[in-house]
Amino acid sequence: MSTPLPAAALAQLFHDARTHSHWQQREVSDETLQQLFELLKLCPTSANASPARFVFLKSSAAKEQLRPFLMEGNVDKTLSAPVCVIVAQDMQFYEHLPRLYPHADAKSWFEGNAAAIESTAARNSSLQGAYLIMAARSLGLDCGPMSGFDNAGVDQAFFPDGRFKSNFLINLGYGEAGKLHPRAPRFDFADVCQIL
Numbered sequence: 305m306s307t308p309l310p311a312a313a314l315a316q317l318f319h320d321a322r323t324h325s326h327w328q329q330r331e332v333s334d335e336t337l338q339q340l341f342e343l344l345k346l347c348p349t350s351a352n353a354s355p356a357r358f359v360f361l362k363s364s365a366a367k368e369q370l371r372p373f374l375m376e377g378n379v380d381k382t383l384s385a386p387v388c389v390i391v392a393q394d395m396q397f398y399e400h401l402p403r404l405y406p407h408a409d410a411k412s413w414f415e416g417n418a419a420a421i422e423s424t425a426a427r428n429s430s431l432q433g434a435y436l437i438m439a440a441r442s443l444g445l446d447c448g449p450m451s452g453f454d455n456a457g458v459d460q461a462f463f464p465d466g467r468f469k470s471n472f473l474i475n476l477g478y479g480e481a482g483k484l485h486p487r488a489p490r491f492d493f494a495d496v497c498q499i500l
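Here the sequence shown stands for residues 305 to 500, where the numbers follow our numbering.
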């Protein structure tokens, strides 16, 4: 991994990529979603814990089940997106560590330690959601990640046994580039970075 990506790849992943709210009515295939997962699962998490769980809402019925829990401003863009992903976290992720991290007894690091479970699940499921965004962009999809929903309502509707908890949502599809707002300002390096 010593060769930088070409400019076109960097443009697709970063420079030209935007958060979309308007969608072409083009299907995202199940095969594309599986490809997306095969990419994101390779990215690092603490002790390879991989606590994220992904629910891909494609059908109108599934998205209607989500509707009551969306803030008003998020309803139309979510229902019109070909896919809405619930990025959730498995609060018992450590049960899988003997398989996922066989180098040490990592399960014992978390059993009975609610603070470590919560922080690790939240941090790493957020990372995995970000990896999903980059994997989606690499496959030519556009993304619209968002908060702005009732987590408790989503959890009751989609994860009633309480093991999984929703983190955030990502709309996926092929965006309507002509309906984008101008890119919002970003910080300069000197505003937020230090090299010590």
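Ideal placement from N, C-alpha and C gives every residue a C-beta, glycine not left out.
Does the Cβ of His400 lie closer than 7 Å to at least one heavy atom of the ligand MG?
Ligands are entirely absent from the displayed structure, and the ligand MG is therefore not among its contents.
Under a three-way DSSP split, which group does Pro449 fall into?
Here residue 449 corresponds to residue number 145 of the sequence shown, with the count starting at 1. Looking at Pro449 - three-state DSSP - the assignment turns out to be strand.
Can you say whether Gln498 is buried or exposed, counting buried as having 16 or more other CB atoms within 10 angstroms of its CB?
Here residue 498 is taken as the residue at index 194 of the sequence shown, counted from 1. The residue is exposed, with fewer than 16 neighbouring Cβ atoms inside 10 Å.
If we count Cβ pairs, one from each stretch, closer than 8 Å, do we get three or more for the region 400-418 versus the region 438-453?
In short, these stretches do not touch, since the Cβ pair count stays below three.
8 Å contact criterion, which Cys388 and Leu361 should meet: CB distance rounded
Taking the first residue of the sequence shown as 1, we reach residue 388 at position 84. Taking the first residue of the sequence shown as 1, we reach residue 361 at position 57. Cys388 to Leu361, Cβ: 4 Å. Contact.
Measuring only the C-alpha atoms, how far is Leu443 from Arg371?
As a position in the sequence shown, residue 443 is number 139, starting the count at 1. As a position in the sequence shown, residue 371 is number 67, starting the count at 1. Taking the straight line joining both Cα atoms gives about 27 Å.
Flag this pair as yes or no: are the beta carbons of Gln393 and Ala425 separated by less than 8 Å?
Within the sequence shown, the letter at position 89 stands for residue 393. Within the sequence shown, the letter at position 121 stands for residue 425. Between Gln393 and Ala425, the CB-CB gap stays under 8 Å.
Cβ-based burial, Pro386 [other Cβ within 10 Å; buried from 16]:
On the sequence shown, residue 386 is found 82 positions in, with the first residue counted as 1. By the neighbour-count rule (16 or more Cβ atoms within 10 Å), Pro386 is buried.
Please name the residue in Ala488, Ser429, Leu445 whose C-alpha comes closest to that of Cys347.
Translated into positions along the sequence shown, residue 347 becomes position 43. Of the listed residues, the one whose Cα sits closest to Cys347 is Ser429.
What do you get for His324, buried or exposed, if any count of 16 or more other CB atoms within 10 angstroms of its CB means buried?
As a position in the sequence shown, residue 324 is number 20, starting the count at 1. Classified as buried, His324 has 16 or more neighbouring CB atoms from the shown chains inside 10 Å of its CB.
Nearest CA to the CA of Gln338: which residue from Val359, Ala313, Trp327?
Numbered from its first residue, the sequence shown carries residue 338 at position 34. Out of Val359, Ala313, Trp327, Val359 has the C-alpha closest to the C-alpha of Gln338.
Got a sec? Which residues, its chain only, sit under 6 Å from Ser384 by beta carbon, not counting five neighbours each side?
Within the sequence shown, the letter at position 80 stands for residue 384. Excluding sequence neighbours, Ser384 sits near Trp327.
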